[in-house]
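Those protein sequences? They're chains U and P, same order as listed. The first sequence: position 263 = 263 (the numbering used here), numbered continuously. Count along the second sequence starting at 1, add 376, and that's the number in the numbering used here. Written below as structure tokens is the structure these notes are about.
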Amino acid sequence: MPAPRPARLALADGTLFEGLALGAPLPHDGAVLGEVVFTTGMTGYQEVFTDPSYTGQIVTMTAPEIGNTGINEDDTESRDARPQVRAIVVRHLSELRSNHRATEGLDAWLTRHGVTALTEVDTRALVRHLRDRGSQNGAIGEGSAATLVDRARSAPNMEGLDLVAQVTPEASYTVERGNQPEWRVLEAGGSRPHVVALDLGAKQNILRSLVDAGCRVTVVPARTTAAEVLALSPDGVFVSNGPGDPAAVTYAIDTVRDLLGKKPLFGICLGHQLLSLAAGARTYKLKFGHRGLNQPVLDQTTGRVEITSQNHGFAVEVATLPKSARSTHIHLNDGTSEGLALPEARAFSVQYHPEAAAGPHDTLHLFSRFVAAMTA
Amino acid sequence: MPRRDDLKKILIIGSGPIVIGQACEFDYSGTQGAKALREEGYEVVLVNSNPATIMTDPELAARTYVEPLEPATLTAVLERERPCAVLPTLGGQTALNLALALHHDGTLARLGIELIGASPEAIAKAEDRKLFKEAMTKIGLASARSGYARSFEEAREIVERGNAETGGHPTGYPAILRPSFTLGGTGGGIAMDRAELEEKVAWALDQSKVGEVLIEESILGWKEFELEVIRDGADNFIVVCTIENLDPMGVHTGDSITVAPAMTLTDREYQRLRDAARAVMTEIGVETGGSNVQFAVNPRDGRVIVIEMNPRVSRSSALASKATGYPIAKIAAKLAVGYRLDELRNDITGTSAAFEPTIDYVVVKWPRFAFEKFPGSDQRLGTQMKSVGEAMAIGRSFIEALQKAARSLETGRDGLCSLLGLVDYAALQSDPNLGRDLVMDPPAMPRPPSGQTLEGEALKATLLQLSSVPTADRLFYVGDALRAGATRDEVVAATAIDPWFVDRIARIVEAERDVDASVLAEPTKLRAIKRMGFSDSRIAQLASRGAAPITADEVRAARKRLGVVATYGRVDTCAAEFPAHTPYLYSSYESSSEARPSDRKKVIILGGGPNRIGQGIEFDYCCVHASMALREAGVETVMVNCNPETVSTDYDTSDRLYFEPLTLEDVLGIVDEEQQSGELLGVIVQYGGQTPLKLARGLAAAGVPILGTSADAIDRAEDRARFEELLNELGLARPRGAIARGVAEAFEVAASVGYPVVVRPSYVLGGRAMMICHDEEDLRAYVHLAVEAAREAGTQTILIDEFLSDAIEVDVDAVGDGKKVVIGGVMQHIEEAGVHSGDSASVLPPHSLPPSVVAEIESATRALGLALGVVGLMNVQFAVRDGKVSIIEVNPRASRTVPFVSKATGRPLAKIAARVMLGSSLQALGVGDAPRPKHVAVKESVFPFTKFPGVDTQLGPEMRSTGEVMGIAPTLAEAFGKAQLASNVRIPRSGTVLITVRDADKDAATKLAARLAALGFRIAATEGTGKALASAGVTAQIVNKVRQGSPHVVDLVRGGEVVMVVNTTVGAKAIRDSYSIRRQSLLSDVAMFTTVAGAVAFGEAIEAAARGGAPRVRTLQEWAAGAAD
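And the structure:
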């Protein structure tokens, strides 16, 4: 591993955090820009770094020891297995990898893919700052504090930003493979429904889980219209997660609205927000979002608590949901929207990530529910 | 579902005395549980035989029974109290076994009492390995190949050929033995070959309550993980904490260095464990409460095996609670009465309790051992737990936490330091087998040093070989192996420790190389090294290499000058996602501090650190009481401790909690931080045992105010010459004696004092390396141990005193305010002088001392307290021989007996003393001498000998008990009987009593024999004792001594007829000769007395029991109100 170089993170509000740069070299006279967010999961850094929903973001890991198990071929959430984050900020990045599945060290992998890691940072102080002041843009570089703060301020604001175009596939494709038998949790039933998945930056484990649950999956690009979707004669439609401001993805909202009532529909994360917007509700930006693997959600139908994996900076305003919609899940900590159902339209969605990866498997059963809705 | 209204009165069962495998963590859980249920308006009844607990404080529960934890007594309590429900999941294995026994004998059903927290079916399924394995197979989880044996032949079949249970496959060697229904893995072990299998199966079958042992395929070297989980009645499930064992499979998890969170799992691998843990909880049927599930993971392919689960709160739960801030016991208690997780709040953040804590630091737990107390024991670690305590440390990296944990242990190591030049590695390696297991030979004499110095490849090879065997010091050997040039791969191959951990240790070793005097001038370098957890003293040592000596004080001064100071982070359950309302803090070297000290008047209380023999829960009890008293007085309390098992480290015990090592550097850091706002009235150093007391001088030198008795007064009591001067001034007598510096001088002093002599190092607690030498031969054998112990304690001197044979020992606890001294309690020991006060049974009030002697003792205590200027607690030990009172020692600090005295007299001494330290006078507090109680309280000690095969059970001046129980009753015989019962000694009704005593005891033994014979006991004796008995008209069967050949006394005991053994000896040789009989008594679970005074008291208890009737039980509240029935 090359020697780390002193560098710093400047936030748009002028706060500085010192560290050492590892991974890909920083641009010589510039900086890496992005929205600075934090995630509190203690496992699953590879899944986080490859999650397309983190596109455009500088991700801070609250877990202090990162990289211990290296990088492997299974645990990747982007289609091309490349990192999706702009940069990462960690307390310590392991020099050594130790895991029977690992094929590469984290530092080497980041370097190979042009991603910088700012290490030895007081991540706890950074997280407290983001918690108190809210997520904001930042710049990582080796330059002067003033320059970096200016650069951070120059970065585009996440609100109103459509990042889906950067991560959606160019053409449609089918998904054949689910999880390796060793890791498979879901069991397929007898039916083999056809799902068309609107890919706005879909995590691969969603697609793998659909396959595990018995679905035949056709993935289509974000700008696919409702008519084009229906032309594929699906048994159901899935709307994926993805980065950016949901309200900015107007074309996908239109598609969802046009599909409502025509086919069973299931949305996750951005998909939940798009379904809500399509149904007439509003979304807003959370102060610092929900990112982690320990988020408690109350299933209002069963009264049970589910520990969920989450990664979102925007949320649905429950009060603006139309009468036709029913709130099905809320966050136990702050009461924000975590799920809704449009019974007449046979559509439902959740804000959290039932496919986990990383995270607990408490809500994997939603994929089976979707299959049941399609085959009912 | 809200709380159940159909329950009104709930009984909580405690865990009894502190033993290896069951320590203060159950005081922590019981206390949390009792508070939680009381908060909900339930009437709480508590039963626990251990007086040194917070849970048995009379204020905590409505009714508190300090009674033996055994079925008949508990039945009597249940009949008297008629609670609606019993909660058995907070009192460890003891409570669980007891609850199960009362379920099986129909008592619970007969009285209509419900078991809450865990059903009998769930307990049985989790505890019975056969049922457990079936359950695991049913839910598709793998377990190791295994089979049950009830004999050696069955065991051999399983291991060598396989049977139906093992699926026809032999389990093979090494074979893992796990006896059914035991505590802390007692009787467990690893057999490498057939010979070992035969020995160890015999031992295991003996230890199993049901005479059954599980034999398992070896998964040695696999990674080991524990998940601490909670489930509620609505099937909501959370993982509170995942703990990874640094030591791979093969070492009991209680003896392993453990790390939270898990460091070497990918999310997929972790979620697989989480899914499995959830399936286990559902299948076992734990409906409400906390449990833990243990897994082994094959590092080569990730294969997972379920090892076991505990359907109750455990030591790991305490660790998980302290590591995350999530109060498992409290939540478990609330779930047991019907709440759901989502109906409860997380006190720290105010958010829902139905979530999984996430942490942004690393926690390392490091066990503390006491092998030095058990010479001859096998120091290799295995499946049977041997540690007596543990320290936990929190850091922002694994390295930092590891080094903080190492210095928290107080074993003289200031981090992961080098032992090269300190440890005789050649001698260590040449000892082929440190232990002897079941061999009935007396323990070997300590080894002399080898005189050999290893270098180069030989040193490296030795260190790698030492690293390959799990021992208490293994990680230090690993460090030294790396220092000696071993590669990471070589260490991994030798130890099977995960390469990631080995890499971290190697980084520490590499970082050391770059430390020189220049770091004191370079803030970047200094900060970097401090961030790796290096202590100031270690930095000083490293920077002094080949240069002018640098002290830790100079490093500290340089740090402050350069602004490299500790910052404090909060333990908040959520990795800072939400603001934390509770100041539960740990140090690190970060950019900003979250301590935010208040502007109040405050007191810092220093705790006792890891449990060890001689310093345990009693001191934590005192610290907690200090905190309670000062909070009541309106002063802010700041607790400092590093023992995760304790009540003192609960985040709501004090206003503020620093989970930190108790070293001068760490404490001064806290003082600096706290002094930034408000007024620090002072630091309490006299409550946490020797640990904080040792810091008094350094704190005073740094200008930190010490509350209570001055550092100078402490020194006056500890310093031999100054103490003698004081006694002369006061006209008080003490045994003759003198100081010796080194071995040669010891012989001169001993000769001039006259044998027998007591030899001990100065400044040590618990009688460490203290011994009675009857002649020069004894002294020659042991003197270098005393010198070594003295050196460890930082002095050169050993004390040699006249030994008062046959004297009666007396302990006094008192409180002084500088003007007045109030006697808290006078305790007479049952064993005569020579047995450490922490090991002897003692009686309050004195049972056989004339009032004039008691008065003399009390007035001597007052005189000493006033002359020393004691402000706070003090303890004085006396010896009385022929009516003459001598002073053995004075300790101007809280003693081990403070909780016992407080429970026996109903007066909270530690609280009173804390108020006095803050400036109140005893008069103002209205505290005078207590009237002599009408009842009798007996304290009895509990020993860990079953965990140390090969160790002599002879009691002596070196303390070896791990815990204590109290018996309280109207008469001495009844109270002593209760104390015996509580310490797991059955009171026999019939059988053979074997007596073999030294000449001096023959009269007393004869009287005892006559009384027992009158009750129908058969008497057996060796020749000499038999003659004495015959001449007094007592008929005895004469039995050979061991050296006279079989059948001899050991055969007789082994035969199973014997129910009580009285064996007293004099002189080192006789003690060694009678070793095997003591050992066999232990193996056969026979009541064994090595002092005739103890035997006589037991005889009286037998007489009292023979009079019959159900156990008479009363609450502490009743005793305090003057119950005398």
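Glycine residues also receive a C-beta, built at the ideal position from the N, C-alpha and C atoms.
Check each candidate in the options and name the one with the smallest Cα separation from residue i.
i: P:Asp-611; options: P:Gln-670, P:Gly-714 and P:Thr-640; result: P:Gly-714
i: P:Arg-1156; options: P:Tyr-1063, P:Ile-1263 and P:Val-1135; result: P:Val-1135
i: U:Gly-14; options: U:Leu-148, U:Leu-210, U:Val-350 and U:His-92; result: U:Leu-148
i: P:Arg-676; options: P:Val-845, P:Leu-1106, P:Phe-1123 and P:Thr-640; result: P:Thr-640
i: P:Glu-588; options: P:Gln-828, P:Asp-433, P:Lys-1403 and P:Arg-505; result: P:Arg-505
i: P:Ala-1190; options: P:Glu-1208, P:Val-1061 and P:Val-1303; result: P:Val-1303
i: P:Thr-1466; options: P:Thr-1440, P:Leu-1391, P:Ser-1460 and P:Ser-697; result: P:Thr-1440
i: P:Val-1197; options: P:Asp-1182, P:Glu-1178 and P:Glu-1234; result: P:Glu-1234
i: U:Val-249; options: U:Arg-346, U:Gly-134 and U:Val-164; result: U:Val-164
i: P:Ala-1471; options: P:Gly-1443, P:Leu-1370, P:Val-1415 and P:Ala-1446; result: P:Leu-1370
What are the start and end residues of the alpha helix (DSSP H) that includes residue i?
i: P:Gly-409; result: 401 to 415
i: P:Asp-651; result: 643 to 660
i: P:Ile-707; result: 704 to 712
Check residue i in the structure and name its three-state DSSP category.
i: U:Pro-52; result: helix
i: U:Asp-299; result: strand
i: P:Asn-621; result: strand
i: U:Tyr-173; result: strand
i: U:Thr-320; result: helix
i: U:Met-374; result: helix
i: U:Leu-163; result: coil
i: U:Ala-197; result: strand
i: U:Gln-136; result: strand
i: P:Ile-905; result: helix
i: P:Ser-1267; result: Here residue 1267 of chain P turns out to be Asn, not Ser, going by the sequence shown. The answer is strand: DSSP assigns P:Asn-1267 an E or B state.
i: P:Lys-1354; result: helix
i: P:Asp-382; result: coil
i: P:Leu-792; result: coil
Report buried or exposed for residue i, applying the criterion of at least 16 other Cβ atoms within 10 angstroms of its Cβ.
i: P:Val-1274; result: buried
i: P:Met-1004; result: buried
i: P:Ala-1120; result: exposed
i: P:Met-568; result: exposed
i: U:Pro-6; result: exposed
i: P:Tyr-1027; result: buried
i: P:Pro-1307; result: exposed
Taking 9 Å as the CB-CB limit, is residue i close to chain C?
i: P:Thr-1171; result: The chain inventory of the structure shown lacks chain C, comprising the protein chains U and P.
For the beta strand (DSSP E) containing residue i, name the first residue and the last one.
i: P:Val-1191; result: 1184 to 1193
i: P:Asn-1251; result: 1247 to 1257
i: U:Ser-327; result: 326 to 331
Would you say residue i touches the ligand COA, meaning its beta carbon is less than 8 Å from a heavy atom?
i: P:Ala-1480; result: This structure simply doesn't include the ligand COA, nor any ligand for that matter.
When Cβ atoms are compared, which residues of the region 674 to 692 of chain P fall closer than 7 Å to chain U? For the region 674 to 692 of chain P, which is checked against every Cβ of chain U, the residues closer than 7 Å are Pro-675, Arg-676, Asp-677 and Gly-678.
Members of the region 1010 to 1033 of chain P that neighbour chain U once the beta carbon cut-off is set at 7 Å: Flagged: no residues at all.
Can you pull out the residues from the region 729 to 742 of chain P whose beta carbon lies closer than 8 Å to at least one beta carbon of chain U? Of all residues in the region 729 to 742 of chain P, Ala-730, Phe-731, Glu-732, Pro-733, Thr-734, Ile-735, Asp-736, Tyr-737 and Val-738 have a Cβ within less than 8 Å of some Cβ in chain U.
Taking any Cβ of chain U, which residues in the region 956 to 976 of chain P have a Cβ under 7 Å from it, in chain order? Glu-966, Ser-967 and Ser-968: these are the residues of the region 956 to 976 of chain P whose beta carbon lies less than 7 Å from some beta carbon of chain U, given in chain order.
What are the residues in the region 635 to 668 of chain P lying within 7 Å of chain U by C-beta distance? So the list reads Pro-637, Met-639, Thr-640, Leu-641, Thr-642, Asp-643, Arg-644, Tyr-646, Gln-647, Arg-650 and Asp-651, given in the order they occur along the chain.
Mind listing which residues of the region 291 to 316 of chain U have their C-beta closer than 8 Å to chain P's C-betas, in chain order? Residues of the region 291 to 316 of chain U whose Cβ lies closer than 8 Å to any Cβ of chain P, in chain order: Gly-292, Leu-293, Asn-294, Gln-295, Pro-296, Leu-298, Gly-303, Arg-304, Val-305 and Ile-307.
Members of the region 318 to 338 of chain U near chain P, C-beta cut-off 7 Å: For the region 318 to 338 of chain U, the beta-carbon criterion of a distance under 7 Å to any beta-carbon of chain P is satisfied by Leu-332 and Asn-333.
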